[in-house]
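For the sequence shown, the numbering used here gives the first residue as 624, with consecutive numbering after it. Just so it is clear, CB atoms sit at the ideal spot from N, CA and C, and this is done for glycine as well. The structure appears below as structure tokens.
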Amino acid sequence: MLEVTAIASGSTGNAYLLDDGAGHKLLLECGVPFQKLLQALNFNLIQLSGCLLTHEHKDHSKAVDDLLKHSVRVYTSKGTARALGIDDHWNYKAATELLEQRIDGAWTVVPLKAEHDAAEPFIYLIWSRFADAHILFATDTYYIRYKMPEDLTHILIEANYSMEHLNENIADGIVEAARKPRILHSHMNLDTLKEFIKANRFPNLQAVYLIHMSNDNAEEERMVKEVEELTGVPVTAF
């Protein structure tokens with residue numbers, strides 16, 4: 624059975640851990656200090672198959688140099704690798720849009736283009752061989768252009784803000800109006816997330832995880848409730 628853990632989620636740092644229950648773990652993002660990642664892994668890097676990076680922003684890539692130094696393979700786009708200055712490191716593995724890549728005999732990954740203000744951002748489809756899980760990992764993208772496979776069992780997806788709450792915060796002076804265009808064109812809101820779910824069919828879905836929620840503009844209880852009503856599966860907010 625697949626186990627999903629949030630090491631950190633939000634604007635100050637992002638890192639998630641997939642555990643297939645058969646001795647293989649996959650790190651999604653590394654936007655926290657390396658010591659925090661080690662603690663989450665019980666100071667044992669042996670079972671870590673690698674790390675997937677979506678893009679170069681520090682709240683997603685902070686510990687990338689330390690991971691590479693400790694012989695953890697990092698998978699990301701060439702554009703992201705160049706932006707981070709890791710494209711010539713021996714532990715960096717280039718990920719290519721729509722090209723299937725196998726990791727450690729336990730995971731199969733297909734990168735998809737994300738919509739974000741970064742060099743070459745990705746979201747990922749991930750298959751776990753031993754947990755028999757099919758996962759979508761989508762963060763820092765304001766919409767998803769692809770039709771998803773119907774066999775998805777787990778979705779980790781950004782629910783950064785609700786438009787109503789963002790507009791209220793701007794009107795109340797909590798959020799500067801000048802920030803709104805960047806938010807709209809870099810992060811996914813609740814309405815867009817719901818439209819994405821409606822546009823796809825997920826008969827095998829087991830769980831949804833809402834990630835990268837804004838401290839100011841998210842409405843966690845409402846978001847969880849509405850996504851649960853829409854999907855009919857347990858929803859967890861990280």
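Euclidean distance between Cα positions of H739 and K701
Position 116 of the sequence shown, counting from 1, holds the residue named residue 739. Position 78 of the sequence shown, counting from 1, holds the residue named residue 701. The alpha-carbon of H739 is positioned some 16 Å away from that of K701.
- Item | Under 8 Å between C-beta atoms of E679 and A742 | The residue given as residue 679 occupies position 56 in the sequence shown. The residue given as residue 742 occupies position 119 in the sequence shown. Cβ distance < 8 Å, so E679 and A742 count as in contact.
Query raised in the report: Roughly how many angstroms lie between the CA atoms of V627 and N665, to the nearest whole one?
Result: Locating residue 627 in the sequence shown gives position 4, where the first residue counts as 1. Locating residue 665 in the sequence shown gives position 42, where the first residue counts as 1. The straight-line gap from Cα to Cα measures roughly 16 Å.
Can the beta-carbon of A801 be found less than 8 Å from the beta-carbon of T764?
What you label residue 801 is simply residue 178 of the sequence shown in a count that begins at 1. What you label residue 764 is simply residue 141 of the sequence shown in a count that begins at 1. Going by C-beta atoms, A801 is not nearer than 8 Å to T764.
Collapsed DSSP secondary structure at N790 in the structure displayed: Counting from 1 along the sequence shown, the entry for residue 790 is found at position 167. Helix.
Q. Could you give the residue range of the beta strand (DSSP E) that holds R802?
A. Position 179 of the sequence shown holds residue 802. Note, R802: premise wrong, no beta strand (DSSP E); not H, not E.
Exercise. So, helix, strand or coil for G702, using DSSP?
Worked result: By 1-based counting over the sequence shown, the position of residue 702 is 79. Reduced to three states, the DSSP call for G702 is helix.
query: Among C653, Y747 and K803, which has the Cα closest to the Cα of D682?
result: The residue you call residue 682 lines up with position 59 of the sequence shown. Nearest C-alpha to D682: C653.
Checklist entry - Assuming L813 and E851 make a contact with CB atoms under 8 Å, what is their CB distance in whole Å? => result Here the question's residue 813 lines up with position 190 in the sequence shown. Here the question's residue 851 lines up with position 228 in the sequence shown. The pair is not a contact, with the Cβ atoms about 13 Å apart (cut-off 8 Å).
Open item on the list: For the structure I just gave you, are there three or more beta carbon pairs, one from the segment 791-799 and one from the segment 816-833, closer than 8 Å?
Closed with: no
Range of the contiguous alpha helix (DSSP H) that encloses E843:
Residue 843 sits at position 220 when you count from the first residue of the sequence shown. Looking at the DSSP string, the run of the alpha helix (DSSP H) that includes E843 is E843 to T854.
- Message: If you measure between the beta carbons of P772 and T677, is that distance less than 8 Å?
- Response: Mapped onto the sequence shown, residue 772 falls at position 149. Mapped onto the sequence shown, residue 677 falls at position 54. Cβ atoms of P772 and T677: not closer than 8 Å.
* Using DSSP with H/G/I as helix, E/B as strand and the rest coil, what is L641? -> Numbered from its first residue, the sequence shown carries residue 641 at position 18. Residue state, collapsed to three classes: strand.
### Query
Are there three or more Cβ pairs, one per stretch, closer than 8 Å when the segment 639-647 is compared with the segment 684-703?
no
- prompt: Does the distance from the C-beta atom of A704 to that of A686 stay below 8 Å?
  reply: Reading the sequence shown from its first residue, position 81 is the one you call residue 704. Reading the sequence shown from its first residue, position 63 is the one you call residue 686. No.
Measure the C-alpha to C-alpha separation of S781 and E844 and round it to an integer number of angstroms. Reading the sequence shown from its first residue, position 158 is the one you call residue 781. Reading the sequence shown from its first residue, position 221 is the one you call residue 844. Correcting the residue type first, residue 781 is Glu in the shown sequence and not Ser. For E781 and E844, the distance between alpha carbons rounds to 15 Å.
What's the gap between the Cα of A841 and the Cα of M811? The residue you call residue 841 lines up with position 218 of the sequence shown. The residue you call residue 811 lines up with position 188 of the sequence shown. Looking at the two C-alpha atoms, the distance is approximately 11 Å.
Fill in: For E791 and S672, the rounded distance between their alpha carbons
Sequence index remark: in the sequence shown, residue 672 carries index 49 (1-based). Sequence index remark: in the sequence shown, residue 791 carries index 168 (1-based). Their Cα atoms are separated by approximately 43 Å.
inquiry  = Measuring alpha carbon to alpha carbon, tell me which residue in Y784, L707, L722 and L651 is nearest R805.
reply    = In the sequence shown, counting from the first residue as 1, residue 805 sits at position 182. It is Y784 whose Cα lies nearest to the Cα of R805.
To which residues of the same chain is A706 closer than 7 Å at the C-beta, ignoring the five residues directly before and after it? Position 83 of the sequence shown, counting from 1, holds the residue named residue 706. E679 and A742, listed in sequence order.
Practice task
Identify whether F657 lies in helix, strand or coil by the three-state DSSP scheme.
Solution key: Here residue 657 corresponds to residue number 34 of the sequence shown, with the count starting at 1. Helix at F657.
**OP:** Could you check the C-alpha separation between F753 and L641 for me, to the nearest Å?
**Re:** Taking the first residue of the sequence shown as 1, we reach residue 753 at position 130. Taking the first residue of the sequence shown as 1, we reach residue 641 at position 18. Whole-angstrom Cα-Cα distance: 12 Å.
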